[in-house]
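For the protein sequence lines, the chains are A and B, in the order given.
Here the first sequence stands for residues 2 to 453, where the numbers follow the numbering used here.
Here the second sequence stands for residues 444 to 670, where the numbers follow the numbering used here.
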Amino acid sequence: MHQIKADNLRPLSFLGFRFLFGKPAQTQEAAALHHVRHSAFWGAVLGIGISIVPLYIVLFVSNGMIQGITDRYLETKTSHLQLSLPFNLNGETREKIQQDILGLQDVTTASFEVDGIGLAASSSGSISAQIRGMDQSVLKDEGFTKFIQVDDGAMFPERQNEAVLGRYLAKALGVNAGDTVTLITLRSSGGDEAQMLPKLSIFRVAGIVSSGYRELDANWFIVQSETALRLLNPSTAYTFIGIKTMHPYGAELNTVASEIADQMARAGLSGIPGVDVRSWRDIERSLFASFSSTKSILILIMAIAILVASINLASALTTYVMEHRTEIAILRSFGVSPQQTAAIFLVGGAATGTLGCIVGSAVGIFISFYINQILRGVQAAINFVLKLWVPALHPMTLLNPDYYLEHIPIHINWNYIIFILGAGIVVSALVSLVPAIKSSHIAPAELIRHEQ
Amino acid sequence: MNEPIIECKDLTKTFSSGAEVLRILDHADFMLERENICTILGPSGSGKSTFLAILGSLERFDSGTVRVDGYDLHMVPEKSLSVFRRNVVGFVFQFHFLLNDFTALENVALPGYMAGISRADAWEKATKLLDLVGLENRAHHYPSQLSGGERQRVAIARALINGPTIVLADEPTGNLDAASAEEVRSLLQRLPDVAKTTLVLVTHDSALATIGNTSHLLKGGHFECIK
Ligand SMILES: Nc1ncnc2c1ncn2[C@@H]1O[C@H](COP(=O)(O)OP(=O)(O)OP(=O)(O)O)[C@@H](O)[C@H]1O
Ligand SMILES: [Mg+2]
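Structure, rendered in structure tokens:
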């Protein structure tokens, strides 16, 4: 009984490759003719390659974006863990808690912060401000200093009457370092029939900073924590210790969180309203849920594109089989079994798909790796052309910095590459089943009544 | 050696197109001994090609028995027919049917390589066969670079690669000019000697028909021995 043995695969692939990619060219004209004849296959290779390229770019870019945005949130704003505290907790207790937390394993920094809302005003207008009352100790936080860029002046206010503004807040107010801004906050009047009274304070702009992600830092109004405690309303302000650890993405974070909760319980502070430990995953949950669902939709669209390319491959192969009935019948007449003819097209189809995947992967990884340079180049080119047409035009940006990072951090993830390559090869082998089965139905009797 | 290599009894083959039933072979008997050349003659449409296809298992038949080199073709399951074709028969058609993307040498070697002979052995064997058909210096030419007669000789070499006991040739000179036909004729005539095969030859070419030790006329669904 005949079976496809392993040693039978070599002649099959010899045949399959020659069928699909043509003979080694003898002459220039033959080579040219050949390209035309087999262009369907190079077309299929290209189709698969081209459909794979955006998959890599989308994956690496969206991952890089998400990672970059997450890092910025964690390092410049949310911290890895937050221990919320009552507004009027006395300074000594607070410092004691801070010291205890710093003593825990894995914890790198613990900074006190008071957040609230205010209205910032200058001669050019007013805009709502997100007040962040912070401790000087954040300057020792490497995560914070790594992501904060200083456009002008200092990174942190040195005096009580100084503020550091987010880049876009400063722009909206039309101020530079050294200028003054007015901050309006609401403060209860005190006493039994407490009344909300606006409180005006004047700040000198000590510096202008950016985190590289506008969503995050657009309205930052950074002051010293003591200042914030004086200006903000106890009932609406949020007071917490921001804690950084060595492994923000690992399971260790939960261990640290429960240790802090234990410490609070031992200190008899756990029952007090407003005292709570939360991780960044809880705090920014909705933000990251929307990131990952956007990514899933993109990947789904890309997967459909690959499927379409694979179907193109199947139809190119099927057409090929139909156009080469005679050649297949010849093989059958000299004893090539239907399974062997099917295997020729399976091998050929899988090889075509593999080639396409490899080419597409190489190009996709290359483009992803240099995406920042490429985007900048394209942007510069577009702006150059636009400037020629409309000299007065404001230069455009491809990725709106309101929603995207200005620099996308790309990390090449080998798991994705292996997965995409593997899936591409499996899918092209699967779709090659159609032409393979078709080829196995061609009967050699056709040769007898063949008309030349 | 008197044991017949081909033995057909009561062989019936019909084609039905619509309501009409064409009876191509009607209880035909046929017998041939080893290492002979047998020519089959007959008017166009009489079923000569159909008969060759049946002997080579390319076509099935309705009833009767067909025994070829020990294989009872009615009993061989569809799956094993490839083995039969590979080991027992070699085909030569009116049209050369070489694969255009392969050189003469590759065309000859391919059936051997596909049958499981190692690449080196298949290529070596093919070289010898090209030598046999007088085309050793055209081994690396593609079919498009060969003349009609040369292509047909390559096709004959290809038919011999797996050492068949029977070569079935259907009008092998039908497309050739007189000189090429003569080359093919002298080659076919030597086959039983040099390749130890039996040759069943369908032809309209009267010169070619003379090489047969025996000759049959197919007419009205029956064979009539005329030599
Ligand atoms: N698949 C088929 N369906 C219907 N009729 C067929 C089929 N194949 C062959 N025939 C008919 O069977 C008859 C015999 O055909 P065959 O090709 O065997 O003749 P032949 O003797 O080889 O003729 P020629 O000398 O012209 O080659 C013809 O009348 C042909 O039309
Ligand atoms: Mg015929």
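The C-beta atom is built at its ideal place from N, Cα and C for all residues, glycine as well.
Cutting at 7 Å between CB atoms, please list the residues of its own chain near residue 602/B, excluding the five before and the five after it.
533, 534, 535, 610
Per-residue contacts from residue 448/A into chain B (C-beta, under 7 Å):
536, 540
Considering only heavy atoms of ligand 2, list every residue whose Cβ is less than 7 Å from one of them, following chain order.
449/A, 491/B, 492/B, 613/B, 614/B, 645/B
Going straight from the alpha carbon of residue 29/A to that of residue 359/A, what length do you get?
Confidence is the limiting factor: at residue 29/A the pLDDT is only 49, short of 50, which leaves the residue's position unreliable and the question unanswerable from this model.
Exposure of residue 367/A, with buried meaning 16 or more beta-carbon neighbours within 10 Å:
exposed
Can residue 352/A and residue 440/A be called in contact, C-beta distance under 9 Å?
no
Please compile the residues from chain A whose C-beta is within a distance smaller than 8 Å of the C-beta of residue 558/B.
336
With 9 Å as the threshold, decide whether the Cβ of residue 1/A is near any Cβ in chain B.
Nothing can be reported for residue 1/A: it is not among the residues displayed for chain A, which extend from 2 to 453.
Would you mind reading off the limits of the beta strand (DSSP E) that contains residue 239/A?
It spans 239-246 - the beta strand (DSSP E) in which residue 239/A sits, taken as one unbroken run.
Mind checking if residue 32/A is an interface residue toward chain B, Cβ cutoff 9 Å exclusive?
Per-residue confidence for residue 32/A stands at a pLDDT of 49, beneath the threshold of 50, marking its modelled position as unreliable; no derived number is given.
Please decide whether residue 646/B counts as near chain A, where near means a Cβ-Cβ distance under 9 Å.
no
Given that residue 496/B touches chain A, what residues does it touch there, using C-beta distances under 8 Å?
446, 449
Below 9 Å between beta carbons is the criterion; list the residues of the stretch 379-413 of chain A that meet it against any residue of chain B, in chain order.
The stretch 379-413 of chain A vs chain B, Cβ under 9 Å: nothing.
Give the list of continuous alpha helix (DSSP H) stretches no shorter than 4 residues that lie fully inside the stretch 341-366 of chain A.
none
Taking only the alpha-carbon atoms, compute the straight-line gap between residue 215/A and residue 291/A and give it to the nearest angstrom.
Straight-line Cα distance between these residues: approximately 17 Å.
Below 8 Å on the Cβ atoms is my guess for residue 275/A versus residue 85/A; work out the distance and round it to an integer in Å.
6 Å
One or two residues paired with residue 189/A in a DSSP bridge:
197/A
Measuring only from the beta carbon, is residue 488/B closer than 8 Å to any heavy atom that is part of ligand 1?
yes
DSSP on residue 225/A, reduced to helix/strand/coil?
strand
Straight-line Cα distance separating residue 13/A from residue 490/A
Since the first and last residues shown for chain A are 2 and 453, residue 490/A lies out of range.
Using beta carbons (cut-off 9 Å, strictly below), is residue 37/A in contact with chain B?
At residue 37/A the pLDDT is 46, less than 50, meaning the model places this residue with poor confidence and gives no usable figure here.
Report the three-state DSSP secondary structure of residue 450/B (helix, strand or coil).
Note: residue 450/B maps to strand in three-state DSSP.
Taking DSSP as the reference, what is the three-state secondary structure of residue 639/B?
coil
Between residue 498/B and ligand 1, is there a pair consisting of the residue's CB and a ligand heavy atom that are separated by less than 8 Å?
no
Using a Cβ cut-off of 8 Å, pull out every chain A residue sitting near residue 502/B, in sequence order please.
446, 449
Per-residue burial, residue 520/B [other beta carbons within 10 Å of its own, 16 or more giving buried]:
Result: exposed.
Where residue 32/A falls: helix, strand or coil (DSSP)
Low confidence applies here, because residue 32/A scores a pLDDT of 49, under 50, leaving its location unreliable and the question unanswered by this model.
Residue 647/B: beta carbon under 8 Å from a heavy atom of ligand 1?
yes
So, at 6 Å on beta carbons, what are the nonlocal neighbours of residue 669/B in its own chain, with the 5 sequence-adjacent residues on each side left out?
658, 660
How about the stretch 235-248 of chain A and the stretch 58-74 of chain A: do they share at least three Cβ pairs that are nearer than 8 Å?
Fewer than three Cβ pairs drawn from the stretch 235-248 of chain A and the stretch 58-74 of chain A lie within less than 8 Å of each other, which leaves the two stretches out of contact.
Let me confirm a value: residue 673/B is counted as buried when at least 16 other C-beta atoms fall within 10 Å, else exposed. Which label applies?
Any question about residue 673/B goes unanswered here, given that chain B covers just 444 to 670.
If I'm right that residue 335/A touches residue 554/B with Cβ under 8 Å, what's the distance once you round it to whole angstroms?
4 Å
Under 7 Å Cβ to Cβ from residue 36/A, same chain only, skipping five residues before and after it: list those, please.
At residue 36/A, the pLDDT of 45 sits below 50, so the modelled position is not reliable and the matter cannot be decided from this model.
Taking only the alpha-carbon atoms, compute the straight-line gap between residue 315/A and residue 567/B and give it to the nearest angstrom.
For the pair residue 315/A and residue 567/B, the Cα-to-Cα distance works out to about 37 Å.
Once DSSP output is grouped into helix, strand and coil, what is the label at residue 124/A?
coil
Beta carbon of residue 536/B: closer than 8 Å to some heavy atom of ligand 1?
no
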